[in-house]
Amino acid sequence: MASVKILRPGYFKMVNEEGCEATCTISLITDAGKKIIVDTGNVGEGKEIKKALKKNGLSPSDIDYVIITHYHPDHIGNNSLFENATFVDGVETFVENKFHFFEEKYTITKNVTVIRTPGHYSNDDCSVIVKTDKGTIAIAGDLFWSDEKNLPPFIFKKKLLMKSRAKIVKMADFIIPGHGDMFKVSKKK
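If you're matching positions, the sequence shown starts at 26 in our numbering and goes up one per residue.
As structure tokens, this is what we get:
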């Protein structure tokens, strides 16, 4: 089974009526010898990421995949740290200057799958479904900001976002949102 570790929890707060302060959750998945980072934070957070990786016996060059849940600046700011990685978003992989497209999902290992979950930022948004010993964890980017109830403040297409959220809630036991702590999914009967 795969393991998931939050390298750095994300947060979001309104600074004033015109702006906010935010940084995303950065997660590390390990499975079948593959090391996977989900989202890379804001520009300037590279030292913090390197330090978190080092605590786990890794360096950026050890990372096999970087999954980008969506293209907001607080989720892609340190992509360049991971020069050896294959990059994956909701519709394609990118390695060695080549794009490879996929329809609805991309399987990295038997326990780690990237699925399209559009609605927050674009049609390319994705989430990562990870089978672990503790249950299925969805790393959902900004499809969920902090918990199951609150909607993210920035929504590309609300109807699509709600459909994607419902899909994740059905699949997952736990959700790691883009800007908050992991939470247990409440299964309604």
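Using N, Cα and C, we set each Cβ at its ideal position, and we do this for glycine too.
Own chain partners of residue 146 with C-beta closer than 8 Å, once the 5 adjacent residues on each side are dropped: The beta carbon of residue 146 sits closer than 8 Å to those of 95, 96, 97, 167, 179 and 181, all from its chain and outside the five residues before and after it, given in chain order.
Indicate, with yes or no, if the ligand GTP has a heavy atom lying under 6 Å from the CB of residue 119. The ligand GTP is not part of the structure shown, which contains no ligands of any sort.
Residue from 157, 81, 68 and 86 whose Cα sits closest to the Cα of residue 57: Among 157, 81, 68 and 86, the Cα nearest to that of residue 57 is on 157.
Thinking C-alpha only, which one of 43, 141, 111 and 68 is nearest residue 123? It is 111.
Backbone CA spacing between residue 71 and residue 186 [nearest angstrom]: Computed Cα separation, rounded: 30 Å.
Residue 189: first and last residue of the uninterrupted alpha helix (DSSP H) it sits in: Start and end: 183 to 196.
Specify the secondary structure class of residue 32 as computed by DSSP and reduced to three states. It is a strand residue.
Reduced DSSP secondary structure (H/G/I, E/B, other) of residue 145: Collapsing the DSSP output to three states places residue 145 in coil.
Three or more C-beta pairs under 8 Å: does that hold for the segment 38 to 46 against the segment 120 to 134? No: the two stretches stay apart, fewer than three of their Cβ pairs being nearer than 8 Å.
Helix, strand or coil: how does DSSP classify residue 57 here? When DSSP states are grouped into helix, strand and coil, residue 57 belongs to the coil group.
According to DSSP, residue 160 sits in a beta bridge with which residue or residues? Looking at the DSSP assignment, residue 160 forms a beta bridge with 157.
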